[in-house]
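Trainee: Residue numbers (the UniProt record's numbering): 1 to 218.
C-beta atoms are modelled at their ideal positions from N, C-alpha and C, and glycine is treated no differently.
Before we start, here is the structure in question, set down as structure tokens.
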Amino acid sequence: MRTWSRKSPKAPLSTSTAGPFDDAILGRPSPCCWFCWSRRPWCGRWRSPAHPRSTRSRRAIRPAPDHWRTAAARRASASKRDDERHPAKLAETKIHVLNASGRGGQAADVADALRDLGFAQPSAANDPVYANGRLNCQAQIRFGEAGQASAAAVWLVAPCAELFRDDRADDSVDLALGTDFTTLAHSDDIETVLASLRPGATEESDPALISKIHANSC
């Protein structure tokens, strides 16, 4: 997998043994980023500044909010094994669906869809980060260290979303809907993993199946 710095999307970095969840929070593009590189002004570009010698100007990249700039925390997570990213049980998640797309009622509709899938009472509201603008991307999943498992669960049904670590202390997760978001992802593989995360499930989620879900193009 090729990895990219914030300054230069053309500069390849060394490969890592970390899994897809680590890739995303460390600044490696998840599937939607290939779309974002060519069409969006900054989506997916400002994360981990892993290649400080790049000569690309920062002026071409819109800066991210300060409270998202936690590159050190993201780099530290690289040493953790991929099995620590096992998705949380759906009934244990605390999801806030935030509307940053400008389409009225979308957050409430998605919250209802998540509830139908088994996520525990997702809430819906407008995104305060984009109160005066729009999120020009598919979506963002925002979470703190305690919410990594819940974020991994949400990422199953929003695999094209960007993952962003912030400094929150609790295990809540924000799913911010962007202008390119249409609906939650559905497939037989996703349903199989979700079934293993519902109450009464007798089998653990298959890591290979989770990797397959995130290997598909958005």
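1) Using the Cβ count rule (16 or more neighbours within 10 Å means buried), how would you classify residue 228?
2) Which runs of the beta strand (DSSP E) spanning at least 3 residues fall entirely within the UniProt domain "LytR/CpsA/Psr regulator C-terminal" (93-181), listed in chain order?
3) Starting from Lys89, trace the alpha helix (DSSP H) both ways and give me its first and last residue.
4) Mind checking which residues open and close the alpha helix (DSSP H) that includes Leu194?
5) Do Leu98 and Leu194 have their beta-carbon atoms positioned less than 9 Å apart in this structure?
6) Closest to Asp127 by CA distance: which of His96, Ala146, Glu204 is it?
7) Only counting the same chain, and skipping five residues up and downstream in sequence, which positions put a Cβ closer than 6 Å to that of Lys89?
8) Assign Leu209 to one of three DSSP states: helix, strand, or coil.
9) Distance check for Ala131 and Asp189, CA to CA, integer angstroms please.
10) How big is the Cα-Cα spacing for His186 and Ala149?
11) Tell me whether Glu162 is buried or exposed, calling it buried when 16 or more other Cβ atoms sit within 10 Å of its Cβ.
12) For my contact list, Ala152 and His86 are in at a C-beta cut-off of 8 Å; report their separation, rounded to the angstrom.
13) Is it buried or exposed for Gly133, if we count other Cβ within 10 angstroms and need 16 for buried?
14) Between the C-alpha atoms of Glu204 and Asp167, what's the straight-line distance to the nearest angstrom?
15) Can you give me the C-alpha to C-alpha distance between Ala211 and Ala124, rounded to a whole angstrom?
16) How about Cys137 and Thr179: are their beta carbons less than 9 Å apart?
17) At the level of alpha carbons, what is the spacing between residue 222 and Lys94?
18) In whole angstroms, what separates the C-alpha of Asp170 from that of Glu145?
19) Give the secondary structure of Ala215 by DSSP, where H, G and I count as helix, E and B as strand, and everything else as coil.
Mentor: In brief:
1) Outside the displayed span of the chain (1 to 218) sits residue 228, for which this structure offers no information.
2) Fully enclosed beta strand (DSSP E) runs of no fewer than 3 residues occupy 95-99, 123-126, 139-143, 162-165, 173-177 of the UniProt domain "LytR/CpsA/Psr regulator C-terminal" (93-181), in order along the chain.
3) Counting along the chain, Lys89 falls outside any alpha helix (DSSP H), and DSSP gives it neither H nor E.
4) First-last of the alpha helix (DSSP H) with Leu194: 188-196.
5) Not in contact: Leu194 and Leu98 (Cβ atoms no closer than 9 Å).
6) Relative to the Cα of Asp127, the nearest Cα in the group His96, Ala146, Glu204 belongs to His96.
7) Answer for Lys89: Leu197, listed in chain order.
8) DSSP places Leu209 in helix when its eight states are reduced to three.
9) Rounded to whole angstroms, Asp189 to Ala131 spans 35 Å at the Cα level.
10) One C-alpha to the other measures close to 20 Å.
11) Around the C-beta of Glu162, 16 or more other C-beta atoms lie within 10 Å, and the residue is accordingly described as buried.
12) The Cβ separation is near 7 Å, so the contact holds.
13) Its Cβ having fewer than 16 others within 10 Å, Gly133 is exposed.
14) Distance from the CA atom of Glu204 to the CA atom of Asp167, rounded to whole angstroms, is 30 Å.
15) Residue 211 is actually Ser in this sequence, not Ala. Distance between the alpha carbons of Ser211 and Ala124 is about 29 Å.
16) With respect to Thr179, Cys137 sits close: the two C-beta atoms are nearer than 9 Å.
17) Outside the displayed range of the chain (1 to 218) lies residue 222, so it cannot be described from this structure.
18) Taking the straight line joining both Cα atoms gives about 8 Å.
19) If DSSP states are grouped into helix, strand and coil, Ala215 belongs with the helices.
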